[in-house]
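The block underneath contains the structure these notes are about, expressed in structure tokens.
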Amino acid sequence: MTAITTDMTDHDLIAQFKEGSMEAMETIVDRYENRIFNFGLKMCGQFQDAEDITQDTFLNAFRYLDSFREETKLKNWLFKIAATACIRKRRKKKCEPDHELSLDSFMNKDGIQETYDIPDWSDDPSDKVIQAEMNAVINDSIKTLPHKYKLVFNLRDIEGFSTKETADILGISIVSVKTRLHRARLALREKISHSYQEGKSA
Amino acid sequence: MKENCKKNFERISEYLDGELGPEACQQIEQHLMECPECQDCFEALKKSIALCRKSTREEIPQNMRERLRIKLRDCFEHQETSGT
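Each protein sequence line maps, in turn, to chains A and B. According to the working numbering, the first sequence holds residues 1 to 202 in order. According to the working numbering, the second sequence holds residues 203 to 286 in order.
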């Protein structure tokens, strides 16, 4: 068995794992655990749920590695399993059904559009308190999105998958990805703006 | 909302993501130049997306990392591997 090196591809590592290398398995985990954990946390909002999703994702990935198609990127396949774990967790918790975000609700019918006060992100390290407050506002806003919109938003805008990759991961059409993403972004713009204005006037 | 603004409003995410053809892009850019309300709406959307992308990513805590590795080793360490 070849020694594991940092420049080995995912496919090399998978081959090593299939030969019984626990080191190869842990190198795959090292590469993706933070991204999967962060995705679980953004989806569920709780550390415990994010841990469950991370564990489920890797356990199922290694258990069903034989069904992994070599032409797929491992990262995309892991996110497909993670998204399924999030959906399953939500079902188990017997959450309320998703409500639809209608485009009309974001349009002003009298012809005057609402103005949104959105701050810029501060890159100044001395603004740690402001950054922490902004993070809390953003995370709370994402958390309130209906589940199916949150899945698309997190995959597209937080994890950086393309429209096509997101459609493949979730098993939905490209048009659905675009529609859900646009509505999620409009909802977040409103929520972030309102929270920011409330914070300023408090 | 005016009809032209509405058309623009529906496609603004695709425009931001570079998923529209040159003709549609040109129409949107022209409209944004002429309509300050839509320009404000567009800037606010762009800023909120940028904020979300810059938000902090959480790393998995050390105790959870350890539990994950223990669980995976328990499951796979002694399993029969293909070819053995």
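C-beta: ideal position from N, C-alpha, C; glycine also. Treat the numbers as computed from the prediction; the structure is a model and nothing was measured.
Helix, strand or coil, according to DSSP, for residue i in the structure here?
i: residue 136 of chain A; result: helix
i: residue 3 of chain A; result: coil
i: residue 272 of chain B; result: helix
i: residue 219 of chain B; result: coil
i: residue 98 of chain A; result: coil
i: residue 259 of chain B; result: coil
i: residue 119 of chain A; result: coil
i: residue 148 of chain A; result: helix
i: residue 32 of chain A; result: helix
i: residue 69 of chain A; result: coil
Out of the options, point me to the one whose CA is closest to residue i's CA.
i: residue 90 of chain A; options: A/141, A/3, A/52 and A/155; result: A/52
i: residue 135 of chain A; options: A/166, A/105 and A/42; result: A/42
i: residue 206 of chain B; options: B/223, B/259 and B/229; result: B/229
i: residue 242 of chain B; options: B/281, B/280 and B/210; result: B/210
i: residue 96 of chain A; options: A/145, A/158, A/138 and A/30; result: A/145
i: residue 208 of chain B; options: A/137, A/165, A/107 and A/121; result: A/107
How would you list, in chain order, the residues of chain B whose beta-carbon sits under 7 angstroms from the beta-carbon of residue i?
i: residue 51 of chain A; result: 266
i: residue 182 of chain A; result: 215
i: residue 135 of chain A; result: 257 and 258
i: residue 127 of chain A; result: Going along chain B, no residue has its Cβ under 7 angstroms from residue 127 of chain A, so there is no contact; the nearest lies around 12 angstroms.
Mind listing the chain B neighbours of residue i? Cutoff is C-beta to C-beta under 8 angstroms, in chain order.
i: residue 89 of chain A; result: Per Cβ cutoff of 8 angstroms: no residues; residue 89 of chain A is ~16 angstroms from chain B at best.
i: residue 55 of chain A; result: 269, 270 and 273
When you compare only the Cα positions, how much space is there between residue i and residue j?
i: residue 127 of chain A; j: residue 119 of chain A; result: 13 angstroms
i: residue 62 of chain A; j: residue 270 of chain B; result: 13 angstroms
i: residue 232 of chain B; j: residue 45 of chain A; result: 41 angstroms
i: residue 269 of chain A; j: residue 17 of chain A; result: No answer is possible for residue 269 of chain A: it lies beyond the span of chain A, which begins at 1 and ends at 202.
i: residue 284 of chain B; j: residue 76 of chain A; result: Bear in mind that a pLDDT of 47 at residue 284 of chain B, under 50, signals an unreliable position, so the number given afterwards is only what the model happens to contain. Spanning the two alpha carbons is a distance of roughly 24 angstroms.
i: residue 160 of chain A; j: residue 98 of chain A; result: 24 angstroms
i: residue 64 of chain A; j: residue 199 of chain A; result: 47 angstroms
i: residue 216 of chain B; j: residue 278 of chain B; result: 44 angstroms
i: residue 182 of chain A; j: residue 175 of chain A; result: 11 angstroms
i: residue 266 of chain B; j: residue 92 of chain A; result: 22 angstroms
i: residue 249 of chain B; j: residue 69 of chain A; result: 38 angstroms
i: residue 286 of chain B; j: residue 34 of chain A; result: Note that residue 286 of chain B has pLDDT 40, beneath the 50 cutoff, so the model's placement of it is unreliable and no number is given.
i: residue 54 of chain A; j: residue 239 of chain B; result: 43 angstroms
i: residue 177 of chain A; j: residue 195 of chain A; result: 26 angstroms
i: residue 257 of chain B; j: residue 273 of chain B; result: 30 angstroms
Taking 7 angstroms as the line, does the beta carbon of residue i fall inside it for any heavy atom of the ligand ATP?
i: residue 120 of chain A; result: Absent from the structure shown: the ligand ATP. Ligands present: none.
In chain B, what lies closer than 9 angstroms to residue i by C-beta?
i: residue 193 of chain A; result: 246 and 250
At a CB-CB cut-off below 8 angstroms, which residues of chain A make contact with residue i?
i: residue 277 of chain B; result: 59, 62 and 63
Run down chain A in chain order and give the residues with a C-beta less than 7 angstroms from the C-beta of residue i.
i: residue 209 of chain B; result: The premise fails here: residue 209 of chain B is roughly 11 angstroms from chain A at the closest Cβ pair, so nothing lies under 7 angstroms.
i: residue 230 of chain B; result: Here the premise fails: no neighbours, minimum Cβ distance about 14 angstroms.
Just checking: is the beta-carbon of residue i within a distance shorter than 8 angstroms of some beta-carbon in chain C?
i: residue 253 of chain B; result: Here chain C cannot be found, since the structure's protein chains are A and B.
Name the chain A residues that come within less than 9 angstroms of residue i, Cβ to Cβ?
i: residue 221 of chain B; result: 163 and 178
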